[in-house]
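Residue 336 is where the sequence shown starts when you use my numbering, and the numbers rise one by one after that. For every residue, glycine included, the Cβ atom is placed at its ideal position computed from N, Cα and C.
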Amino acid sequence: MDIYTVLDYFSTYGLYFLFIIVFLEYMNLPGLPAGIIMPAAGILIASSDMNFMTALIVSIMAGLLGSYVLYFIGYFLGKPILDKFYQKFVNLQPSIDKAIGYTDRHGNKGVFIARLIPVARTLISLTVGTLRMNFVSFSLYSIAGIAIWNIVFIYAGYAFGYLFLK
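This is the structure:
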């Protein structure tokens, strides 16, 4: 899906589209990556009456709720899921164990940093759920990381989106 199709959906469905797509993306489901969605939201904000802060808050809430789904999947089903994954992808076990060890050692800081790294930013929720990290701490550090990520990408579309619309 190209940027023009995304913009068309945004202009038709507005914040509902933003919420659903970001929610699904933070659940690590296949779809549109944030690198397309967030700048497209910024382009729409710049070229319409949509409010930047409202779109930002909606995107943060959607990201946080999607993260909660993975957190609780990890919390309640993490060990069995990891065991099946290890059986199926034996060669990935050292990498996964390393990521879990890093998260376990660095805790809250690890959540915040992971929120700023593509792919890791969505998978961190499952990892910390599996480790049963404190939910309030997870939420606070997730909000901070998600907010920074979303601000940067939405603002990029807002500030430079006119280049796509030429």
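(request) Tell me whether Leu401 sits in a helix, a strand or coil according to DSSP, three-state version. (result) The residue labelled residue 401 in the question sits at position 66 within the sequence shown. The sequence given here has Gly at residue 401, not Leu. In the structure shown, Gly401 sits in a helix (DSSP, three-state: H, G or I).
- Task: For my contact list, Ala376 and Ala390 are in at a C-beta cut-off of 8 Å; report their separation, rounded to the angstrom.
- Result: Numbered from 1 along the sequence shown, position 41 holds the residue referred to as residue 376. Numbered from 1 along the sequence shown, position 55 holds the residue referred to as residue 390. Cβ atoms of Ala376 and Ala390 come within 8 Å of each other, at about 5 Å.
Do the segment 480-496 and the segment 430-442 touch if we need at least three Cβ pairs shorter than 8 Å?
No: fewer than three Cβ pairs fall under 8 Å.
| field | Residues of its chain near Leu458, where Cβ-Cβ distance is below 7 Å and the 5 sequence neighbours each way are ignored | value | One-based indexing of the sequence shown puts residue 458 at position 123. Listed in chain order, the non-local C-beta contacts of Leu458 below 7 Å within the same chain comprise Asn363, local neighbours out to five positions each way being set aside.
**Request:** For Gly496, count neighbouring Cβ atoms within 10 angstroms of its own Cβ and tell me buried if that reaches 16, exposed if not.
**Result:** Taking the sequence shown and counting its residues from 1, the one referred to as residue 496 is at position 161. Residue environment analysis places Gly496 among the buried positions, since at least 16 neighbouring C-beta atoms fall within 10 angstroms of its C-beta.
Please report the straight-line C-alpha distance between Val341 and Gly366, rounded to a whole angstrom.
Numbered from 1 along the sequence shown, position 6 holds the residue referred to as residue 341. Numbered from 1 along the sequence shown, position 31 holds the residue referred to as residue 366. Using only the alpha carbons, I get a separation of about 12 Å.
*Does the distance from the C-beta atom of Phe575 to that of Leu400 stay below 8 Å?*
Here the chain comprises residues numbered 336 to 501, so residue 575 is not present and cannot be evaluated.
Between the Cα of Phe470 and those of Ser402, Pro368, Gly349, spot the shortest distance and give me the residue it belongs to. If you number the sequence shown from 1, residue 470 lands on position 135. Among Ser402, Pro368, Gly349, the Cα nearest to that of Phe470 belongs to Ser402.
Cβ-Cβ separation, Thr347 to Leu417 (assumed contact under 8 Å), whole Å: Here residue 417 is taken as the residue at index 82 of the sequence shown, counted from 1. Here residue 347 is taken as the residue at index 12 of the sequence shown, counted from 1. The pair is not a contact, with the Cβ atoms about 40 Å apart (cut-off 8 Å).
* Asked: Would Ile408 pass as a contact of Leu461 if the rule is Cβ separation under 8 Å?
  -> Working through the sequence shown from its first residue, we reach residue 408 at position 73. Working through the sequence shown from its first residue, we reach residue 461 at position 126. Against a cut-off of 8 Å, the Cβ pair of Leu461 and Ile408 comes out as a contact.
Given Tyr437, which residues of its chain have a CB within under 8 Å of its CB, disregarding the five upstream and five downstream residues? Along the sequence shown, one-based indexing puts residue 437 at 102. Excluding positions up to five away in sequence, the list reads Gly445.
Give the DSSP-derived three-state secondary structure of Met385 in the structure shown. For the purposes of this step, residue 385 is identified with residue 50 of the sequence shown, where counting begins at 1. In the three-state scheme derived from DSSP, where H, G and I count as helix and E and B as strand, Met385 is classed as coil.
Among the residues of its own chain, which have a CB less than 7 Å from the CB of Tyr421, if the five just before and after it don't count? As a first step, residue 421 must be located in the sequence shown, where it is residue number 86. The residues are Gln428.
Excluding the 5 residues preceding and the 5 following Leu451 in the sequence, name in chain order all residues of the same chain whose CB lies nearer than 7 Å to its CB. By 1-based counting over the sequence shown, the position of residue 451 is 116. Correct list, in chain order: Gly480, Ile483, Trp484.
Residue of Phe345, Phe354, Ile486 minimising C-alpha distance to Val393: What you label residue 393 is simply residue 58 of the sequence shown in a count that begins at 1. When each option's Cα is compared against that of Val393, the closest is Phe354.
Exercise for review: Tell me whether Ala449 is buried or exposed, calling it buried when 16 or more other Cβ atoms sit within 10 Å of its Cβ.
Suggested key: Working through the sequence shown from its first residue, we reach residue 449 at position 114. In summary, Ala449 is buried, with 16 or more beta-carbon neighbours lying within 10 Å of its beta-carbon over all protein chains present.
Quiz item: So what does DSSP say about Leu466, is it helix, strand or coil?
Solution: As a first step, residue 466 is located in the sequence shown; it is residue number 131 there, counting from the start. The answer is coil: DSSP assigns Leu466 none of H, G, I, E or B.
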